[in-house]
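> According to the numbering used here, the sequence shown is numbered sequentially starting from 26.
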Amino acid sequence: MQYQTIAITGASSGLGQALALGYAAPGVTLHLAGRNVARLAQTAAAAQAKGARVTQTIADVTDRAAMADWVAGLEELDLMIANAGVSAGPGRAHRERDEQIRRVFATDLDGVFNTILPAMARKTPRIAIIGSIAGLIALPTSPAYSAAKAALDCWVRAAAPGAAREGIALTLVRPGFIRTPMTAQNPYPMPGMLDAGEAARRIIRGIAAGRAFITFPWWFAALARVANLAPKSLFARVPGKPSQT
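Dropping the structure here:
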């Protein structure tokens, strides 16, 4: 299916920006939301140069009322992509601080629902949620991030049948490592790393095909499932993510 009116959160950089540019074309309307004014304007200008009609809104997905207003004010909507997310790990102390944990859950879990529930209320035909292969494995390097993504994974699998009865198709995207500002500071190996443009192309193809789950690289997902059964002591020497607050 070809989508003509698309809303994307976290569109100011990384995967969100790549998705916006991947969808940008004549006849397509993009509603882009992000927190960085300058970078969002750059994304919008690049999408407009490819022929798309673009609106841009400075928005924080953790603001429930603001997100509800944004979604309610959009014109006819074919596709919502809940992409905005943050990551923060234990850092040098190998333990996430309280504010890091709360920030990750506020953005990566509550922020997703602040985005998709208003979209579901208006019966948006397809809603895509950017999860992660990290949701398939309890990573000691990123406990809150893994837990938030795992919650999304479970929710989509449980909610999809009921949503389908209402004419809403849910898609969960489980990418591996993507070359973005969020992964730039990771102090550990990142196998299967893809650039944001290639990741966006895979997601766009999967959404067009109507897939409920888009997971890549497949071998990394399989490895994650197996590794999740291993003793967590095996991860003891893996350095944690630097603090990102």
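C-beta: ideal position from N, C-alpha, C; glycine also.
Roughly how many whole angstroms lie between the Cα atoms of residue 75 and residue 120?
Each residue's alpha carbon lies about 44 Å from the other.
> Distance, Cα to Cα, residue 205 vs residue 229?
Computed Cα separation, rounded: 18 Å.
> Looking at residue 225: is its Cβ nearer than 7 Å to the Cβ of residue 44?
The answer is yes: Cβ separation under 7 Å.
> Can you tell me where the alpha helix (DSSP H) with residue 47 in it begins and where it stops?
Segment 39-48, the alpha helix (DSSP H) holding residue 47.
> Please state whether DSSP places residue 202 in a helix, a strand or coil.
Correct three-state label for residue 202: coil.
> Is it true that the segment 52-66 meets the segment 81-99, where meeting means three or more beta-carbon pairs spaced less than 8 Å apart?
Short answer: they touch.
> Could you tell me which of 143, 175, 48 sits nearest to residue 78, measuring between CA atoms?
Ranking 143, 175, 48 by Cα distance to residue 78 puts 48 first.
> Under 7 Å, do residue 72 and residue 46 count as touching if we go by C-beta distance?
Contact flag set, yes.
> Using DSSP bridges, identify the partner residues of residue 105.
Answer by DSSP bridge pairing, in chain order: 32, 152.
> For residue 104, which residues from the same chain have a beta carbon less than 8 Å from its beta carbon, with the 5 sequence-adjacent residues on both sides left out?
Result list for residue 104: 28, 30, 31, 32, 149, 150, 151, 152, 153, 232, in chain order.
> How should residue 251 be labelled, buried or exposed, when 16 other C-beta atoms within 10 angstroms of its C-beta is the threshold for buried?
So residue 251 counts as exposed.
> Within 10 angstroms of the Cβ of residue 168, are there 16 or more other Cβ atoms? Answer buried if so, exposed if not.
Per the 10 Å Cβ criterion, buried.
> For residue 69, I'd like the list of residues in its chain whose CB is within less than 7 Å of its CB, leaving aside the five on either flank, ordered along the chain.
Here the set comprises 57, 79, 81.
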